[in-house]
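According to full-length UniProt numbering, the residues represented by the sequence shown are 1 to 1027, in order. Here a beta-carbon is modelled for each residue, glycine too, at the ideal position from N, C-alpha and C. All remarks here apply to the structure that follows.
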Amino acid sequence: MNLLRCRQVVRLRQSLSLRGYATRPSKPFGKTYDAQAVEEGWYEWWQEEGLFRPQKDSEKKPFTMVTPPPNVTGSLHIGHALTLSVEDALVRYKRMAGHNVDWVPGTDHAGIGTQSVVEKMLKRERGLTRTEMGREAFIDAVWQWREEYGDRILSQMRRMGASVNWDELFFTMDPPRAEAVQNAFMQLYKDGLIYRDTRLVNWCCALETVISDIEVDYKDIEGRTLLSVPGHDKGVEFGVLHRFAYPVVGTSEKLIVSTTRIETMLGDCAVAVHPDDQRYKHLHGKSVLHPILKKEIPIICDDQLVDMEFGTGVVKITPAHDPNDYACARRHQLPITSIFDKLGKLNANAGVSEWIGRDRFELRQQVVDRLSELGSYQGRDDKHVMRVAVCSRSGDVIEPMLQPQWYIRCAGLAETSRKQVEDGLMKIEPASHVQDWYRWLDNIQDWCISRQLWWGHEIPAYQVRLKGHAEDLWVVAKDTAEAEQEARALLEQKGFPPFTPFELQKVKSLQSDDEAMLSLRQDQDVLDTWFSSGLLPLSAFGWTGKPNEPIPNRYPLQVMETGYDILFFWVARMAMLANHFTQRPPFETIYLHAMVRDAQGRKMSKSLGNVIDPLHVMDGVSLQTMQDGLRKSNLAPKEIDRSIKSMEKEYPNGIPACGADSLRFALIAYTQQSRQINLDMNNVVQTTYFCNKLWNLFKFGLGKLDKEGYRYQATVPTAVSLVDRYLLSRMADAVRRCEAGFESYRLHEAADAMRRFIVEDVCDVYVEFSKAALNNPDTKNTTLHLLHHCMDVSLRLAHPFMPFVTEELYHHMNGQLARADAPPSLMVESYPTQQEFNQFHDAQVEDSFQTVLSIIHASRSLRQQQGVSIGHPLSFKIQCDDLTVLDPLVPYMDEVKHFVKASELSMLDPKATNGDAEYIVRAVSDKLKIMVPAAEIVEAQLAKTAAGGADIQNVIKERLGRIDKKLSKLVRNHEKLQERIQKPGYTEAVPEAVQTKDRVKQKDLFVEIEALENDKRILERMRSQPS
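Encoded structure:
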């Protein structure tokens, strides 16, 4: 399929998605928060207004990011949702903070993943394999599949609210990216960094390709286990350690070796012992006889491979099918012969003609039987613990295989990228990942960049095949015409006459070049997907890698944000490649987030039935619908059954609709877990309550502003009262924390500061205090002004996290207040700054008002503990022996009286001698108490007891019992702490911070004990009085 046509299809879909939303959504202000209604229409309007595009010729500081391109193989999963939530929050913050933002989206062709999905689809729907179809027809089928399904993930990005610049949307196999990949490969080859070699690789026999380390999963096996392996009707046995004997040539001795893969003994080229092992010193330099092949193989000494303490201390060497054996063979110059073909079947190199073509695992029992017949088999251990490497795409067991591949030399590239982090040219957040960066780059191996697939970027390399000449010759070129010129130059370099009378024959397969004197064949392999995505810091901005092409203006990226699991596989490779082509680091900051797992800490997996589709969270889904989706998937029938059962336990009632804002906020709040996020769906549901709280704040606030005819005022109100000054101080603190959270890449701290300000300071405190202030002509206007200011700042702080609900409320607010100078959208409003609000921060004001709140809380606690309802008025006394604490309270006595529901509120002289015995006391601090006459408490309790028909003496007895129990515990804790503090050497040995903490705790315990003892005295006096 024409690549340009595919690009046009994407553009067409984008334009179609915008129709019907040329004007801003206008909706009635609903009575209650409804996520679906709130979120509808805003994204399309934002995009139509061009709010996602960077400003041309802007003098603003640039802020550039690229989305980690999701694979086109399916739908967003919860990991994508986390990435988009974090990145969009950061982007929206930077846009509001005055940066010129360019956030570029794209999708990845995902070579092995896409090919695997399409192969399964074709087999299921048409009964065809790719080999039956042929390469060209199969590639066409992949492009058709990509056209039909590949853009689904883009619409899901819109649902998440990702404010990306759609004008620069890329696909890693579109023409500009394809040109960049081709030119980059050729340049790296010319620079001596790309070379071809035959080495041991991770081979997937089911997919017939090498795969990267990140595509390998591991299964832990605890003893004999049957695993399901593609192509096998019955389970394949693992967790068994077989033993067999090698006779020592010229002696009667035998060397016993152990192996979990006894079938590979047909490829053994030696046995190894430790050079210091006294048991085998006399066998150094001797040989053993292969029991089946009847050939001699050497006994070698290797102190790196052999552990004298494990087993018999003798190890069989199969270098073509084990990485450790391969390294050993290279050290000792042993022959390395592969005994399996690319399908995992025995080949002729094994030397047993009747077994040629047998599957590697089916051969296992036949080898055991033959060794048993020969008297060499020594038995088995069925309790062997091991790890099995499995292809994450196919489920097949990985076969270490010797294959010719293309590689990139990485040592020098890695050293440059390491030094840039060391020198501060690239910053990694969180800093805990810096050591991971160093460790990976310090131990880097050359990168295998070729894959034996059909879907992907073709490698621009051509094999030059000269009849009668065995040397493996290759040239690199952009097309066959250029390859022909390169081939002639190479042959001339090799000593062939420049005018040798032969012609180049260009072929696509080996079958047609038998008669040619010279043939030229393009490599049939494709490049590793990570190679094309590794160029994205450049290619995403149109760079094609032509000679002397300028570096894009947007290079480098300000931030590269992604999951920490691909720090090496993608981020480090981007750094290495981009550094080579620009001599500059590609990122200023690398920002990493944790991996999402389920509530039990398990990896998200379809086979476990715990994979979460973000759309299901946003829109809600029934258990039945989730199970139906599994039945239509590519999972094996057994895995589907297991997944359905697991899903029934995980989501028995399905998932309720939460909306995009709630999902985004919950995921960002989880990022405080830097390595692993154990996602509990209940926490996402809880976030909807916060959205509802915000909605209700605006219902209340806009209702009051409308009732009083308030109109928009841009300035911050002049606060007079303590509560007003308290709110402005808390607002300043929230702004400081939010700004600091974003700037330090601790978004969870910014999210928490914003939520606490809205819920605890605005809703729980100011809204409650404002009700009385709005009824007072002297304070009404200031209160209205500050209430509006609270709502305005709350929206601006919350928007990066929850763009939909904040945009909706923003337009309701500005519409009602007739704000003429309002920006078209909240997303281009200014973000509150410390510089703007620092003047309002006042720690003394906060301390004073916290005392007011503490009195209110203490009074409610006293009522609750004494069993007196809030509806029963009590006369409260406040006793304080510190005037600096008491004086700020005086103007607020009426408010305090109202909130504690006091019939009377007065100050009690701290020097009064009437004592606590006449009062029920609650200590606010060691200097401040609130007190209620005991007689009033008794009266209220008696009235309640009498009304309920209970016996007052029994009630008193129960309460005394509870007090004694608690008092006993507090006294013990106080005595232990006292003993610790008075212990010799305490002052010298214990840190000052801990000593301070101990003193505070000691004081608090004393106050609490004193209050309980007073309660006890009152209850005992009540018990002694006649009823």
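Enumerate in chain order the residues of its own chain whose CB-to-CB distance from Thr249 is below 7 Å, with the five nearest sequence positions on each side excluded.
Along the sequence shown, read from residue 1 onward, the residue named residue 249 stands at position 249. The residue you asked about is not Thr; residue 249 is Val in the sequence shown. Closer than 7 Å at Cβ, skipping near neighbours: Lys286, Ser287, Val288, Leu289, Glu296.
Classify Arg796 as buried or exposed, calling it buried when 16 or more other Cβ atoms lie within 10 Å of its own Cβ.
Working through the sequence shown from its first residue, we reach residue 796 at position 796. By the neighbour-count rule (16 or more Cβ atoms within 10 Å), Arg796 is buried.
In whole angstroms, give me the CA-to-CA distance for Lys190 and Pro550.
Counting from one through the sequence shown, the residue named residue 190 turns up at place 190. Counting from one through the sequence shown, the residue named residue 550 turns up at place 550. When rounded, the distance between both Cα atoms is 19 Å.
Sort Lys316, Leu592, Leu538, Ile566 by Cα distance to Thr582 and report the nearest one.
Numbered from its first residue, the sequence shown carries residue 582 at position 582. The shortest Cα separation from Thr582 among Lys316, Leu592, Leu538, Ile566 belongs to Leu538.
Entirely within the stretch 62–88 and at least 3 residues each: give me those beta strand (DSSP E) ranges in chain order.
The stretch 62–88 contains these whole beta strand (DSSP E) runs: 62–66.
With 16 as the cutoff for other CB atoms within 10 Å, does Glu373 come out buried or exposed?
Here residue 373 is taken as the residue at index 373 of the sequence shown, counted from 1. With fewer than 16 Cβ atoms within 10 Å of its Cβ, Glu373 is classed as exposed.
Does the stretch 724–731 come into contact with the stretch 831–850, if we say contact requires no fewer than three beta-carbon pairs (one atom in each stretch) closer than 8 Å?
Result yes; three or more Cβ-Cβ pairs closer than 8 Å.
Quick check: the Cα distance between Arg1017 and Ala1011, rounded to an integer number of angstroms?
Within the sequence shown, the letter at position 1017 stands for residue 1017. Within the sequence shown, the letter at position 1011 stands for residue 1011. Cα-Cα distance, rounded: 10 Å.
Taking a contact to mean a Cβ-Cβ separation below 9 Å, would you say Pro933 touches Ile920 in this structure?
Start at 1 with the first residue of the sequence shown, and residue 933 comes out as number 933. Start at 1 with the first residue of the sequence shown, and residue 920 comes out as number 920. In contact: Pro933 and Ile920 (Cβ atoms closer than 9 Å).
Count the other CB atoms, across all protein chains shown, that sit within 10 Å of the CB of Ser968; report buried if there are 16 or more and exposed otherwise.
Position 968 of the sequence shown, counting from 1, holds the residue named residue 968. The residue in question, Ser968, is exposed, as its Cβ has fewer than 16 Cβ neighbours within 10 Å.
Enumerated in chain order, which unbroken segments of the alpha helix (DSSP H) with a length of 4 residues or greater are wholly contained in the stretch 107–162?
Listed in chain order, they are 111–126, 130–133, 135–149, 152–159.
Under a Cβ-count criterion, where at least 16 other Cβ atoms within 10 Å of its own Cβ denotes burial, should Gly379 be classed as buried or exposed?
One-based indexing of the sequence shown puts residue 379 at position 379. Exposed, by the Cβ-count rule.
Once the 5 residues before and after Thr23 are set aside, which same chain residues still bring their CB inside 8 Å of it?
On the sequence shown, residue 23 is found 23 positions in, with the first residue counted as 1. So the list reads Trp45, once near-sequence residues are dropped.
Can you tell me the Cα-Cα spacing of Ser622 and Lys645, whole angstroms?
What you label residue 622 is simply residue 622 of the sequence shown in a count that begins at 1. What you label residue 645 is simply residue 645 of the sequence shown in a count that begins at 1. Their backbone Cα atoms lie some 15 Å apart in a straight line.
Does DSSP put Asn202 in a helix, a strand or coil?
Counted from its first residue, the sequence shown places residue 202 at position 202. Reduced to three states, the DSSP call for Asn202 is strand.
Just reading off the beta strand (DSSP E) that Gln333 is part of, what are its end residues?
Position 333 of the sequence shown holds residue 333. Segment: none, Gln333 is in no beta strand (DSSP E) and carries neither H nor E.
First and last residue of the beta strand (DSSP E) that includes Trp406?
The count along the sequence shown starts at 1 and reaches residue 406 at position 406. Counting along the chain, the beta strand (DSSP E) containing Trp406 begins and ends at 399–408.
Going by the DSSP bridge assignment, what does Asn678 pair with across the sheet?
By one-based count along the sequence shown, residue 678 stands at place 678. Arg597, per the DSSP bridge assignment.
Cα separation between Ala666 and Arg755?
Reading the sequence shown from its first residue, position 666 is the one you call residue 666. Reading the sequence shown from its first residue, position 755 is the one you call residue 755. In a straight line, the C-alpha of Ala666 is about 11 Å away from that of Arg755.
Could you work out which residue in Ala272, Tyr986, Arg1023, Lys976 is closest to Leu1005 when comparing CA atoms only?
Here residue 1005 corresponds to residue number 1005 of the sequence shown, with the count starting at 1. When each option's Cα is compared against that of Leu1005, the closest is Lys976.
For Asp220, I'd like the list of residues in its chain whose CB is within less than 7 Å of its CB, leaving aside the five on either flank, ordered along the chain.
If you number the sequence shown from 1, residue 220 lands on position 220. Taken in chain order, the residues that qualify are Arg387.
So, under 8 Å CB-CB, Val271 and Tyr246 are touching, yes? Tell me the CB distance rounded to an integer number of Å.
To locate residue 271, count along the sequence shown from 1; it is residue 271. To locate residue 246, count along the sequence shown from 1; it is residue 246. Going by Cβ atoms, the distance from Val271 to Tyr246 rounds to 6 Å, so yes, they are a contact pair.
Pick out whichever of Leu334, Gly871, Phe899, Tyr149 has its Cα sitting closest to the Cα of Pro298.
Position 298 of the sequence shown, counted from the first residue, corresponds to residue 298. Taking only the C-alpha atoms, the option nearest Pro298 is Leu334.
Check the C-beta distance from Ser533 over to Trp570 and give it rounded, since I have them as a contact under 8 Å.
Position 533 of the sequence shown holds residue 533. Position 570 of the sequence shown holds residue 570. That pair is a contact at about 6 Å.
What is the rounded straight-line gap between the Cα of Tyr651 and the Cα of Gln156?
Taking the sequence shown and counting its residues from 1, one reaches residue 651 at position 651. Taking the sequence shown and counting its residues from 1, one reaches residue 156 at position 156. Rounded to the nearest angstrom, the two C-alpha atoms are 22 Å apart.
When DSSP labels each residue in this structure, what does Glu471 get in the three-state scheme?
Locating residue 471 in the sequence shown gives position 471, counting from the first residue. Residue state, collapsed to three classes: coil.
Would the beta-carbon of Glu399 fall within 9 Å of that of Arg364?
Position 399 of the sequence shown holds residue 399. Position 364 of the sequence shown holds residue 364. Their beta carbons are not under 9 Å apart, which means Glu399 does not touch Arg364 by this criterion.
Quick one, which of Asp1015, Asn682, Thr687 has its alpha-carbon nearest Arg664's?
As a working mapping, residue 664 is identified with position 664 in the sequence shown. The residue with the shortest Cα to Cα distance from Arg664 is Thr687.
Under the three-state reduction of DSSP, which class applies to Cys658: helix, strand or coil?
Indexing the sequence shown from 1 puts residue 658 at position 658. It is coil, neither helix nor strand.
Could you spell out where the alpha helix (DSSP H) holding Arg730 opens and where it closes?
Translated into the one-based positions of the sequence shown, residue 730 becomes position 730. First-last of the alpha helix (DSSP H) with Arg730: 722–743.
Is there contact here, the stretch 587–607 with the stretch 65–84, by at least three beta-carbon pairs under 8 Å?
Touching, yes, given that three or more Cβ pairs across the two stretches are closer than 8 Å.
For the stretch 115–124 against the stretch 182–200, are there 3 or more C-beta pairs whose distance is under 8 Å?
Contact fails: fewer than three Cβ-Cβ distances are below 8 Å.
My guess is that Ala660 and Arg159 are in contact by the Cβ rule of under 8 Å, so how many angstroms apart are they, rounded?
Looking up residue 660 in the sequence shown gives position 660. Looking up residue 159 in the sequence shown gives position 159. The pair is a contact, with the Cβ atoms about 6 Å apart (cut-off 8 Å).
Closer than 8 Å by C-beta to Ile855: which residues in its own chain qualify, once you throw out the five before and the five after it? Chain order, please.
If you number the sequence shown from 1, residue 855 lands on position 855. Ile878, Leu889, Val896, Val900, Val924, Leu928, Ile930, listed in sequence order.
Looking only at its own chain, which residues have a Cβ that is under 7 Å from the Cβ of Pro717, when we skip the five neighbours before and after it?
Stepping through the sequence shown from its first residue, residue 717 is reached at position 717. The answer, listed in chain order, is Thr782, His785, Leu786, His789.
Where in the stretch 879–924 do unbroken runs of the alpha helix (DSSP H), each at least 4 residues long, occur, reported from the N-terminal end onward?
Here the runs fully enclosed are 883–886, 893–899.
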